[in-house]
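Residue numbers (numbering that gives the first Met the number 0): 0 to 213. Glycine included, every Cβ here is placed at the ideal spot set by N, Cα and C. Notes for the one structure printed next.
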Amino acid sequence: MKGSIYLIGGGEIRKGETAQIDDELKKNVDKDSNLVFFPRASGDSLDYIKAMELTFGDQLNVIAPTLDDGIEYSISAIDSASIIYLGGGDADLLLELFNQWQLVERLESAINRGVHVVGMSAGAQALSAWYIREHDGLMELRRGWGFVPACVLVHANENSVARAKEIWERSPDARSVTFVAIGEGAGWCVRNNDVKKVGNGKIWKKIDGESSLS
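Spelled out as structure tokens, the structure:
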């Protein structure tokens with residue numbers, strides 16, 4: 000892996016809740032290079048696209064491929080990117096688009112050539128080996144693409160971490176990777192064998208029977 004992968008637990012970008020992470024991303028790449036934002040998990044929300052343009056457009060060219068733009072446009076955008084940002088919302092929509100259009104392989108190639116890939120909430124779920132989906136008070140274990148060898152919980156807080164950890168512990172497959180619960184405003188940055196926390200939120204992790212909080 001040459002590029003970094005950022006898993007962000009959540010936060011309103013338009014309100015500056017991920018500002019520390021956003022600033023680090025800008026510093027990682029050349030000015031006026033391309034940030035490719037996939038808003039599919041939000042149903043291609045125009046408001047979300049506008050928020051990304053306002054946040055990053057002062058230094059980067061924001062390109063936002065949507066379902067209507069089609070496969071070829073999305074491939075071209077990925078191939079031109081210095082940052083690929085997978086937005087929040089419903090992970091199923093994002094997973095379906097990338098799987099149907101065979102963009103996962105393109106994403107892997109981008110990381111291998113040094114592109115930084117960011118997953119916000121649903122995007123973080125998709126990039127992980129496993130993730131805990133929480134909906135209407137219920138939790139279930141689901142598979143992601145596996146770019147990050149972790150079982151991830153996003154929008155994490157003290158109560159949800161304990162419940163999600165029980166689900167992770169009951170699955171031999173999921174338990175083979177680190178459990179990482181990422182709170183609002185926090186990011187988990189992975190590059191090769193190095194990991195670090197970014198942002199001002201909390202991260203809980205558990206590996207080999209030992210828990211920690213950062």
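Query                                                                                                                   : Result
Distance, THR177 Cα to VAL153 Cα                                                                                        : 14 Å
Nonlocal neighbours in the same chain, by C-beta distance under 6 Å from GLN58, ignoring five residues either side      : LYS25, LYS30
Bridge-paired residues (DSSP) for ASN60                                                                                 : ASN33
Cβ-based neighbour list, ILE12, same chain, cut-off 6 Å, excluding 5 preceding and 5 following                          : ALA50, THR54
Whole runs of the alpha helix (DSSP H) within the segment 105–147, excluding any shorter than 4 residues                : 121–126
DSSP-derived helix/strand/coil call for VAL103                                                                          : helix
Local conformation of VAL176 per DSSP, three classes                                                                    : coil
Expected contact under 8 Å - CB spacing of PRO85 and ALA149 to nearest Å                                                : The sequence as given places Leu at residue 85; Pro does not occur at that position. Not really, about 16 Å apart at Cβ, beyond 8 Å.
Validate contact between the segment 74–83 and the segment 99–118 using beta carbons, cut 8 Å, 3 pairs                  : yes
TRP187 and ALA128 closer than 9 Å at C-beta                                                                             : no
Neighbourhood of ASN199 by C-beta distance below 8 Å, restricted to the same chain and skipping five residues each side : GLN19, GLY184, ALA185
Cβ neighbours of GLU139 in the same chain (closer than 7 Å, five flanking residues each side left out)                  : ARG132
Short Cβ contact (9 Å threshold) for TRP100 with ILE62                                                                  : no
DSSP state of LYS201 mapped onto helix, strand, coil                                                                    : coil
For PHE37 and LEU92, the rounded distance between their alpha carbons                                                   : 11 Å
Proximity of ARG105 and ASP78 at Cβ, strictly below 9 Å                                                                 : yes
First and last residue of the uninterrupted alpha helix (DSSP H) at LEU45                                               : 45–55
Reference LYS164; option with closest CA among ASN98, TYR130, VAL35                                                     : TYR130
Local conformation of ALA80 per DSSP, three classes                                                                     : strand
Endpoints, the alpha helix (DSSP H) within which ARG162 is located                                                      : 157–169
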